[in-house]
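> One structure is given below, represented as structure tokens, and several questions about it will come after.
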Amino acid sequence: MNHSSDLISGAATAATGTQTTSPEPPPRRRLSRPERERSIVEGAVKFFAEVGFDGDTRELTRRLNVTQSLLFKYFPNKASLVERVYQEVYVGRWNSYWEEIVADRRTSLQERLVRLYTDYAKTALTWDWVRLFMFSGLRGEAINQRYLGFLRSRILEPVAIELRAELGLPGPDRVPLNIQEIELVWGINARIFYFGQRRWIFNVPLESSVEELVQLTIEHFIAGANVLVPRIVQAQIDAAPAHAD
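All residue numbers for the sequence shown refer to UniProt numbering, where the first residue is 1 and numbers rise by one.
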């Protein structure tokens, strides 16, 4: 080995007084209050989706690199933080366009439902959406009940009404919706959500695209509903007490 070149290089460095040092990192920018709150909420969504709602806030603050006192400055308790997670994921990601699709009678109901659930799946089949929903149900949080009640009034009951209209059946003003009709529509959502469970809970990949699976799901629903819904509505009409003229 030739040590002379190393010695010369070292002597030159000593003579010039230059040293190779890493540049100092830029100072961290102080976050504004809205930015800090947004950072906490985004971190809480990821944290609870990973570990569940039993996750400890101390561990959350450690991951966020903030103090507990700072966390509680924005959210006075864990319940308020969980409520914000619900608002962020389930209310904040709701798209009113889905309701418009259901009501648009310029196309068949089957076409509308394919459009609706293809777009809805982009939101409802994400990692955090599916896992938070499952953890909420297991822990008994109110997230599930509140969201499902919201879903029923905004999508399921309107779909049941549109199905009657497409089949030429009496509207709910003449014959109230039957719980069996709504349960049929629940079946669409249950199947769509199962695709998310397979991917994010069971770690079983889907063997077809979500678009193809939605198409099959809706075709299956329409085929069955065309037979069952007229029977359900007629049974309700037959069971209604006769009115005297």
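Cβ coordinates follow ideal geometry from the N, Cα and C atoms, glycine included.
Computed from a prediction, not measured in an experiment: that's the story for all the values here.
Are the region 129-137 and the region 209-221 touching by the rule of at least three beta carbon pairs closer than 8 Å?
The region 129-137, when compared against the region 209-221, does not touch it at the 8 Å Cβ threshold.
> Out of Ala49, Asn77 and Glu42, which has the shortest C-alpha to C-alpha gap to Arg58?
As a working note, residue 58 is residue 58 in the sequence shown. When each option's Cα is compared against that of Arg58, the closest is Asn77.
> Is Glu50 helix, strand or coil by DSSP?
To locate residue 50, count along the sequence shown from 1; it is residue 50. Here Glu50 sits in helix by DSSP.
> Can you give me the C-alpha to C-alpha distance between Val204 and Gly43, rounded to a whole angstrom?
Mapped onto the sequence shown, residue 204 falls at position 204. Mapped onto the sequence shown, residue 43 falls at position 43. About 26 Å.
> By the three-class DSSP mapping on this structure, what secondary structure does Trp94 have?
In the sequence shown, counting from the first residue as 1, residue 94 sits at position 94. It is coil, neither helix nor strand.
> Quick one: is Tyr97 buried, meaning 16 or more other Cβ sit within 10 Å of its Cβ, or exposed?
Numbered from its first residue, the sequence shown carries residue 97 at position 97. Classification of Tyr97: exposed, given that the 10 Å Cβ count is below 16.
> Rank Ile40, Gln180 and His220 by C-alpha distance to the C-alpha of Val114 and give the top, closest one.
In the sequence shown, counting from the first residue as 1, residue 114 sits at position 114. Cα-wise, what sits closest to Val114 is His220.
> Thinking C-alpha only, which one of Pro241, Ala124, Ile161 and Val175 is nearest Asp104?
As a working note, residue 104 is residue 104 in the sequence shown. Per the Cα distances, Ile161.
> From Ile222 to Val82, what does the alpha carbon distance come to, in whole angstroms?
Walking along the sequence shown from the start, residue 222 turns up at place 222. Walking along the sequence shown from the start, residue 82 turns up at place 82. Each residue's Cα considered, the two are about 38 Å apart.
> To the nearest angstrom, report how far apart Asp245 and Tyr117 are at their CA atoms.
By one-based count along the sequence shown, residue 245 stands at place 245. By one-based count along the sequence shown, residue 117 stands at place 117. Low confidence applies here, because Asp245 scores a pLDDT of 45, under 50, leaving its location unreliable; read the following figure in that light. Roughly 46 Å between the two C-alpha positions.
> In terms of alpha-carbon separation, which member of Leu167, Gln145, Pro172 and Asn144 lies closest to Glu157?
Here residue 157 corresponds to residue number 157 of the sequence shown, with the count starting at 1. Nearest of Leu167, Gln145, Pro172 and Asn144 to Glu157, Cα basis: Pro172.
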